[in-house]
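Visitor:
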Amino acid sequence: MGISLKPEHVKRYRDLAKLMLKYGRSDLVQTAGLEEALLQEDAALTATPPAGSPHPEELADDLEKMGPTFIKLGQLLSTRPDLLPQPYIDALTRLQDNVEPFSAAEAEAIVSEELGVRTSKAFSQFTAEPMAAASLGQVHRAALRDGSPVAVKVQRPGIRQKISEDLDALDEIATWMDRHTKTGRQYEFGRTLQEFRKTLVGELDYRREAANLATLGQNLAEYEHIVVPTPVDDYTTSRVLTMEFVRGKKITSLSPLAHLEIDGAALAEELFQAYLKQILIDGFFHADPHPGNVFLTDDGRIALLDLGMVGRISPELQERLIRLVLAISEGHGPEAAEVTIDLGEAKPDFDRAEFTRTTSELVALFQGATAENVQVGRIMLEVFRSAAQNGIRLPAELAMLGRALLALDQVGRTLDPQFDPNASIRRNVAGLMQRRMLKSLSPQRMFANLLEMNELVQKLPARLNRVLDKVGDDGLAINVRVGEELWLMEGMQKIANRLTTGLILAALIVGAAMMMRVQTRFTVWGYPGIAMLFFLGAALLGMWLVFSILRADVHRKPGPPTGR
Numbered sequence: 004m005g006i007s008l009k010p011e012h013v014k015r016y017r018d019l020a021k022l023m024l025k026y027g028r029s030d031l032v033q034t035a036g037l038e039e040a041l042l043q044e045d046a047a048l049t050a051t052p053p054a055g056s057p058h059p060e061e062l063a064d065d066l067e068k069m070g071p072t073f074i075k076l077g078q079l080l081s082t083r084p085d086l087l088p089q090p091y092i093d094a095l096t097r098l099q100d101n102v103e104p105f106s107a108a109e110a111e112a113i114v115s116e117e118l119g120v121r122t123s124k125a126f127s128q129f130t131a132e133p134m135a136a137a138s139l140g141q142v143h144r145a146a147l148r149d150g151s152p153v154a155v156k157v158q159r160p161g162i163r164q165k166i167s168e169d170l171d172a173l174d175e176i177a178t179w180m181d182r183h184t185k186t187g188r189q190y191e192f193g194r195t196l197q198e199f200r201k202t203l204v205g206e207l208d209y210r211r212e213a214a215n216l217a218t219l220g221q222n223l224a225e226y227e228h229i230v231v232p233t234p235v236d237d238y239t240t241s242r243v244l245t246m247e248f249v250r251g252k253k254i255t256s257l258s259p260l261a262h263l264e265i266d267g268a269a270l271a272e273e274l275f276q277a278y279l280k281q282i283l284i285d286g287f288f289h290a291d292p293h294p295g296n297v298f299l300t301d302d303g304r305i306a307l308l309d310l311g312m313v314g315r316i317s318p319e320l321q322e323r324l325i326r327l328v329l330a331i332s333e334g335h336g337p338e339a340a341e342v343t344i345d346l347g348e349a350k351p352d353f354d355r356a357e358f359t360r361t362t363s364e365l366v367a368l369f370q371g372a373t374a375e376n377v378q379v380g381r382i383m384l385e386v387f388r389s390a391a392q393n394g395i396r397l398p399a400e401l402a403m404l405g406r407a408l409l410a411l412d413q414v415g416r417t418l419d420p421q422f423d424p425n426a427s428i429r430r431n432v433a434g435l436m437q438r439r440m441l442k443s444l445s446p447q448r449m450f451a452n453l454l455e456m457n458e459l460v461q462k463l464p465a466r467l468n469r470v471l472d473k474v475g476d477d478g479l480a481i482n483v484r485v486g487e488e489l490w491l492m493e494g495m496q497k498i499a500n501r502l503t504t505g506l507i508l509a510a511l512i513v514g515a516a517m518m519m520r521v522q523t524r525f526t527v528w529g530y531p532g533i534a535m536l537f538f539l540g541a542a543l544l545g546m547w548l549v550f551s552i553l554r555a556d557v558h559r560k561p562g563p564p565t566g567r
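Residue numbering for the sequence shown follows the working numbering, starting at 4 and increasing by one per position.
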């Protein structure tokens with residue numbers, strides 16, 4: 004039984020059926036009953052694949068012709084090495100989101116409708132010719148009433164309705180394939196499409212992109228050579244985004260002479276540092292840093308543009324990613340396999356041995372590559388491909404992360420052909436770990452711990468009452484042999500003493516870390532005196548605790564006294 008074809012989606016069914024036929028999936032066309040959509044156009048069409056194999060680059064061209072939804076779908080598929088062979092992944096990675104612009108009159112009408120005033124009132128200048136045009140919108144150069152140069156991003160007219168219809172047609176096909184085909188059950192197309200819908204709908208709301216620009220700009224403020232445009236909130240709506248104008252060129256359009264005038268190695272290193280911080284510290288990263296979205300400004304800095312697509316990583320996922328990155332960079336294949344297993348959810352048919360073997364081989368190849376060929380994004384996507392093929396369902400964020408790192412590799416190579424991301428990871432991992440530890444000791448984290456302690460204290464009386472009630476009703480029994488009572492009490496007392504000492508020790512260390520930022524006239528070895536006293540007290544207390552544990556435990560006779 005095939006899909007029930009809806010009249011309003013027939014054109015899309017037909018386009019998808021043609022695409023499947025061209026790329027050798029006539030079986031899916033026949034099984035899903037999409038032949039009827041083809042026959043409605045031309046009775047001569049049959050579900051017979053065309054002679055010869057199409058070139059991978061043709062897939063990118065075909066998706067571009069099918070419109071904005073499928074351009075974005077192609078970008079998503081470039082992150083799914085488990086679905087497509089590597090040559091197609093490479094072709095889709097280079098998929099450019101450049102289309103014909105819509106008219107200036109339409110753009111000005113949308114701006115006026117969204118801002119509630121004519122463009123001539125909102126801006127002192129608004130250039131009719133767009134600087135760039137993409138599938139979802141186009142960018143015009145303008146100036147505010149005070150003369151400040153800005154870039155105005157205007158959404159394409161009718162794009163939301165068109166994308167909604169395309170997604171509905173795709174959803175019908177994906178749902179049917181998940182239910183009725185082995186391929187669908189294996190790769191869960193419906194789940195992938197839901198993530199795609201969520202991402203694409205987010206990109207259609209320019210207020211989210213404005214918030215993303217503000218967040219990333221704040222997170223990367225410490226990097227001197229990286230700039231993120233500042234949004235202009237009063238001139239931003241869901242369909243119009245106004246932001247600071249950045250003067251520069253795409254790094255892919257730089258001439259050889261321009262490369263000689265910049266320090267490409269330093270810029271590549273700082274950009275990679277910034278991405279490691281986004282991913283492993285902030286948990287918020289620019290998910291689409293392909294060369295078209297990375298500019299070299301006139302003053303020699305790197306500008307990150309187009310934040311419609313961002314990724315978010317939970318603290319738990321960050322911890323595992325740090326372990327994965329370290330395992331890969333150090334060449335520990337089995338450990339990388341174990342971390343990847345922890346990252347995802349193993350299916351019943353998961354083959355642990357095969358996945359470990361494959362991952363170890365991939366990591367070994369990565370270690371043996373020359374600096375010119377090292378690609379962190381590539382190796383992570385290959386590991387994720389192996390995971391999917393061997394029965395591990397990974398979080399959707401990881402596919403987006405792999406694509407971002409792959410694009411980052413390309414940008415790094417453009418800036419410096421000799422850039423070695425593996426070496427950069429090793430140089431920066433110690434600092435990243437230190438920053439994560441300091442982040443865990445932040446006042447916000449301390450307050451969270453205090454709230455948990457407050458909850459414990461509030462609930463403790465009720466819990467004690469329940470225990471005492473059970474004791475009073477003979478519902479709680481504690482069996483202690485007479486000869487062991489003193490030994491048990493002594494052991495509990497020692498445990499309590501050590502726990503208390505450990506808490507005091509931790510408090511001294513945390514207090515010292517927080518006081519280290521408070522500058523005082525009283526110093527010890529050039530550092531704030533109170534903080535150093537805390538550290539010294541913690542060190543002495545720690546040494547005493549270790550000594551007392553060794554003295555009491557090492558020479559203790561095994562077993563409790565019998566008392567008999």
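Virtual Cβ for every residue (Gly too), placed ideally from N, Cα, C.
What is the DSSP secondary structure of Gln197, counted as helix, strand or coil?
Guide: Looking at Gln197 - three-state DSSP - the assignment turns out to be helix.
Visitor: Taking buried to mean at least 16 other C-beta atoms within 10 Å of its own C-beta, is His58 buried or exposed?
Guide: So His58 ends up on the exposed side.
Visitor: Determine the closest residue to Ser127 out of Gly150, Gly187, Ile113, Leu118, with distance taken between C-alpha atoms.
Guide: When each option's Cα is compared against that of Ser127, the closest is Gly150.
Visitor: Given Asp345, which residues of its chain have a CB within under 7 Å of its CB, disregarding the five upstream and five downstream residues?
Guide: So the list reads Arg323, once near-sequence residues are dropped.
Visitor: If we ignore side chains and look at the alpha-carbon of each, how far apart do Arg83 and Leu508 end up?
Guide: Straight-line Cα distance between these residues: approximately 48 Å.
Visitor: What residue ranges within the segment 114-190 form continuous beta strand (DSSP E) runs of no fewer than 3 residues, ordered along the chain?
Guide: Counting only runs of 3 or more, we get 126-129, 140-147, 152-158.
Visitor: Would you say Met436 and Leu408 are within 7 Å of each other, going by their C-beta atoms?
Guide: In this structure, Leu408 does not lie closer than 7 Å to Met436 by Cβ.
Visitor: Quick check: what's the CA-CA separation for Gln413 versus Ser106?
Guide: About 33 Å.
Visitor: Applying the criterion that 16 or more other CB atoms from any shown protein chain within 10 Å of the CB defines a buried residue, is Met403 buried or exposed?
Guide: So Met403 ends up on the buried side.
Visitor: Going by DSSP, name the residue or residues bridged to Tyr530.
Guide: BP columns for Tyr530 point to Val527.
Visitor: Given Ala125, which residues of its chain have a CB within under 6 Å of its CB, disregarding the five upstream and five downstream residues?
Guide: Same-chain partners within the cutoff: Leu118.
Visitor: If we count Cβ pairs, one from each stretch, closer than 8 Å, do we get three or more for the segment 230-243 versus the segment 297-315?
Guide: Touching, per the Cβ criterion.
Visitor: Ser115 to Ala330, Cα distance in whole Å?
Guide: The alpha-carbon atoms of Ser115 and Ala330 are separated by roughly 54 Å.
Visitor: Going straight from the alpha carbon of Thr417 to that of Leu397, what length do you get?
Guide: So the two alpha carbons sit approximately 30 Å from each other.
Visitor: Consult DSSP for Ala349 and reduce its assignment to one of helix, strand or coil.
Guide: Strand, per DSSP.
Visitor: Are Gly347 and Ile395 closer than 7 Å when you measure CB to CB?
Guide: Result yes, Cβ atoms of Gly347 and Ile395 sit closer than 7 Å.
Visitor: Quick check on Thr240: does DSSP put it in helix, strand or coil?
Guide: Correct three-state label for Thr240: coil.
Visitor: Met517 and Pro531 - do their beta-carbons sit closer together than 7 Å?
Guide: Going by C-beta atoms, Pro531 is not nearer than 7 Å to Met517.
Visitor: Tell me which residue opens and which closes the alpha helix (DSSP H) that His293 is part of.
Guide: Per DSSP, His293 belongs to no alpha helix (DSSP H) and is neither H nor E.
Visitor: What does a CB cutoff of less than 7 Å around Ser241 pick up in its chain, not counting 5 residues either side in sequence?
Guide: These residues qualify, in order along the chain: Asp208, Tyr209, Arg210.
Visitor: If I'm right that Gln141 touches Ala108 with Cβ under 8 Å, what's the distance once you round it to whole angstroms?
Guide: With 8 Å as the limit, Gln141 and Ala108 do not qualify as a contact, their Cβ atoms being about 13 Å apart.
Visitor: May I ask you to report which of helix, strand or coil DSSP gives Pro59?
Guide: In the structure shown, Pro59 sits in a helix (DSSP, three-state: H, G or I).
Visitor: In three-state terms, what does DSSP make of Ile265?
Guide: Coil, per DSSP.
Visitor: Quick one, which of Leu216, Phe288, Gly303 has its alpha-carbon nearest Ile254's?
Guide: Nearest C-alpha to Ile254: Gly303.
Visitor: Among the residues of its own chain, which have a CB less than 6 Å from the CB of Ala112, if the five just before and after it don't count?
Guide: Within the same chain, Ala112 has no close Cβ partners at all.
Visitor: For the beta strand (DSSP E) containing Ala217, list its first residue and its last residue.
Guide: Careful: Ala217 lies outside any beta strand (DSSP E), inside the alpha helix (DSSP H) at 209-222.
Visitor: Do Leu98 and Gly70 count as a contact pair if the criterion is CB distance below 7 Å?
Guide: The answer is no: Cβ separation not under 7 Å.
Visitor: DSSP three-state call for Arg439: helix, strand or coil?
Guide: In the structure shown, Arg439 sits in a helix (DSSP, three-state: H, G or I).
Visitor: Can we say the segment 422-438 touches the segment 259-276, given the rule of at least three CB pairs closer than 8 Å?
Guide: Touching, yes, given that three or more Cβ pairs across the two stretches are closer than 8 Å.
Visitor: Taking C-beta to C-beta, are Ser389 and Thr361 nearer than 7 Å?
Guide: Contact flag set, yes.
Visitor: Just checking, does the segment 286-301 make contact with the segment 192-200 on the three C-beta pairs under 8 Å criterion?
Guide: Judged by Cβ distances under 8 Å, the segment 286-301 makes no contact with the segment 192-200, as fewer than three pairs qualify.
Visitor: Do Gly336 and Val366 have their CB atoms nearer than 7 Å?
Guide: Cβ distance < 7 Å, so Gly336 and Val366 count as in contact.
Visitor: For the alpha helix (DSSP H) that Leu283 lies in, which residues bound it at each end?
Guide: Run containing Leu283: none; DSSP gives neither H nor E here.
Visitor: Report, in whole angstroms, the separation of the C-beta atoms of Met312 and Glu206, which I expect to be a contact under 8 Å.
Guide: Their Cβ separation, rounded to whole angstroms, is 6 Å, which keeps Met312 and Glu206 in contact under 8 Å.
Visitor: Using three-state DSSP, classify Glu103 as helix, strand or coil.
Guide: Coil at Glu103, not helix or strand.
Visitor: With the cut-off set at 7 Å, would you say Pro351 and Phe248 are in Cβ contact?
Guide: The answer is no: Cβ separation not under 7 Å.
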